[in-house]
Structure formats: structure tokens, C-alpha cells
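Residue numbers (my numbering): 127 to 336.
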């Protein structure tokens with residue numbers, strides 16, 4: 127069975143929009159694109175390189191897919207596995223004949239939650255799956271949809287020490303209440319908390335002092 131793993135750069139107030147550059151995503155008149163850059167250090171680079179070399183499939187929302195399809199086919203030397211791995215784009219409007227889909231090899235259009243659930247049923251080593259990990263990068267609306275339908279197995283977050291006050295967020299209302307266990311964590315030289323949380327069942331409650 128495959129695991130859905132959400133990898134995201136976020137701020138203290140949960141913003142994940144346009145972490146890599148000013149023109150990445152200006153939706154909503156967002157003016158802070160590239161907010162991760164001042165916090166990047168050598169260790170952050172090593173973590174990114176390690177995550178990028180793992181075998182995986184990608185699950186992306188349409189907007190993220192379009193941005194990546196315009197970039198990675200020509201820059202695959204920085205992330206060798208991305209062009210060879212399977213890319214699933216979740217979109218109701220795109221077709222399998224779309225030039226971006228046909229132009230970026232190993233890209234597949236899926237349209238329903240049922241399709242995503244089928245992906246989670248893929249066994250490790252299935253041809254085309256590149257292992258049992260399905261990575262979700264960016265794609266804020268898709269991530270919130272996955273959380274609302276209890277389809278996220280792991281969160282790999284890079285939490286940056288700043289507040290932006292506006293922008294697309296990782297978490298929204300309606301997520302299924304779920305407990306997670308912190309399995310890895312480290313703080314970089316610039317104060318970024320790199321943390322991995324794995325699903326740990328239902329939320330438990332109690333009374334202080336009882």
C-alpha cells in the first residue's frame with residue numbers, strides 16, 4: 127500500500143504560497159514570493175537533496191503541475207528522479223491529451239477522490255509507481271482536500287520563523303481530526319524547524335489535573 131506524504135514549506139501562520147520566488151504565484155496580490163530564500167543554508171540543501179533522491183510518485187494540483195511542467199523537463203539534472211517518476215495531476219479540467227501532460231513524460235491526469243484512493247492501494251514496486259511513496263508538493267487546495275478526506279499519512283514540514291498574514295495556507299477548515307507523531311526534527315542555523323509527523327490515529331482528549 128502506498129503512503130501519501132505532504133512536503134511543504136510553511137510560515138508560523140501556515141502560509142505556503144510561493145516559497146521559491148517573487149513570480150511563482152502572485153494570486154491574491156501576494157507580495158512575498160521567495161520568502162524561504164533568506165533562510166536557506168547548507169543543511170537545508172542536504173535535506174532537500176535527500177528527499178529528492180528517494181523513489182516516489184508525485185501527486186500535484188493543476189496549478190503546481192503547470193508550473194513544474196514548464197520547468198523540470200529542462201532542469202532535471204537538479205532532481206534526476208522527477209522526470210522518470212510518475213506525475214499524477216489532479217484536475218477536472220485537464221485532459222490526457224493536454225500538451226503539458228503529453229510533453230512531460232510519465233504524466234497522468236486523475237479526476238476524482240476515488241482515483242487518489244486507488245493510488246494509495248498501489249503496492250510497493252508496482253511498475254510506474256516508483257516505490258510506495260506518493261509525494262505532494264505545493265498544491266494547497268489539493269492538500270486541504272486530502273486532509274478533509276483523511277488521505278494524508280505523513281507531513282514533512284519546513285517551518286520558517288516568520289508571519290506573513292495572508293496567502294494560501296496548508297491547513298484550512300474541515301480537516302478530519304487526526305493525531306500525528308513527531309518522528310524526526312532538527313532546527314537549522316537560520317531557525318527553520320524541519321519536522322516529520324506520521325499519522326498516529328484518532329485525537330485523544332482529557333482533563334488537566336485529573
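All C-beta atoms, glycine included, are put in the ideal place defined by N, C-alpha and C.
Alpha carbon to alpha carbon, what distance is there between residue 291 and residue 162?
As a first step, residue 162 is located in the chain shown; it is residue number 36 there, counting from the start. As a first step, residue 291 is located in the chain shown; it is residue number 165 there, counting from the start. If you take the alpha carbons of residue 162 and residue 291, they lie about 15 angstroms apart.
For residue 300, three-class secondary structure by DSSP
Numbered from its first residue, the chain shown carries residue 300 at position 174. Residue state, collapsed to three classes: coil.
Would you mind reading off the limits of the alpha helix (DSSP H) that contains residue 177?
Numbered from its first residue, the chain shown carries residue 177 at position 51. First-last of the alpha helix (DSSP H) with residue 177: 168-179.
Tell me whether residue 133 sits in a helix, a strand or coil according to DSSP, three-state version.
In the chain shown, counting from the first residue as 1, residue 133 sits at position 7. It is a strand residue.
Using 8 angstroms as the threshold, is the C-beta distance between residue 134 and residue 260 below it?
The residue labelled residue 134 in the question sits at position 8 within the chain shown. The residue labelled residue 260 in the question sits at position 134 within the chain shown. No, the Cβ-Cβ distance between residue 134 and residue 260 is not below 8 angstroms.
Same chain, Cβ closer than 7 angstroms to residue 140, neighbours up to 5 away in sequence not counted:
By 1-based counting over the chain shown, the position of residue 140 is 14. Closer than 7 angstroms at the Cβ level, and outside the excluded window around residue 140, lie 295, 296 and 297.
Would you decide whether residue 137 is buried or exposed? Buried here means 16 or more other CB atoms lie within 10 Å of its CB.
If you number the chain shown from 1, residue 137 lands on position 11. Buried, since its Cβ has 16 or more Cβ neighbours within 10 Å.
List the whole-angstrom C-beta distance separating residue 234 from residue 221, where the pair is believed to meet the contact cut-off of C-beta under 8 angstroms.
Position 108 of the chain shown holds residue 234. Position 95 of the chain shown holds residue 221. Contact flag wrong, Cβ pair sits at about 12 angstroms.
With a threshold of 16 other CB atoms inside 10 Å of the CB of residue 145, please say whether the residue is buried or exposed.
Locating residue 145 in the chain shown gives position 19, counting from the first residue. Residue 145 should be labelled buried.
Look at the alpha carbon of residue 275 and the alpha carbon of residue 283, and state the distance between them as a whole number of angstroms.
Numbered from its first residue, the chain shown carries residue 275 at position 149. Numbered from its first residue, the chain shown carries residue 283 at position 157. Each residue's Cα considered, the two are about 20 angstroms apart.
Residue 154 to residue 335, Cα distance in whole Å?
In the chain shown, counting from the first residue as 1, residue 154 sits at position 28. In the chain shown, counting from the first residue as 1, residue 335 sits at position 209. Their Cα atoms are separated by approximately 45 angstroms.
Once the 5 residues before and after residue 209 are set aside, which same chain residues still bring their CB inside 8 angstroms of it?
Counted from its first residue, the chain shown places residue 209 at position 83. So the list reads 198, 199, 202, 230, 231 and 232, once near-sequence residues are dropped.
Is residue 309 closer than 8 angstroms to residue 324 when the C-beta atoms are compared?
Working through the chain shown from its first residue, we reach residue 324 at position 198. Working through the chain shown from its first residue, we reach residue 309 at position 183. Against a cut-off of 8 angstroms, the Cβ pair of residue 309 and residue 324 comes out as a contact.
Let me confirm a value: residue 190 is counted as buried when at least 16 other C-beta atoms fall within 10 Å, else exposed. Which label applies?
The sequence position of residue 190 within the chain shown is 64, counting from 1. Buried, since its Cβ has 16 or more Cβ neighbours within 10 Å.
Quick check: what's the CA-CA separation for residue 215 versus residue 206?
Against the chain shown, residue 215 aligns to sequence position 89. Against the chain shown, residue 206 aligns to sequence position 80. Distance between the alpha carbons of residue 215 and residue 206 is about 19 angstroms.
How many Å lie between residue 171 and residue 281 at the Cα?
On the chain shown, residue 171 is found 45 positions in, with the first residue counted as 1. On the chain shown, residue 281 is found 155 positions in, with the first residue counted as 1. For residue 171 and residue 281, the distance between alpha carbons rounds to 19 angstroms.
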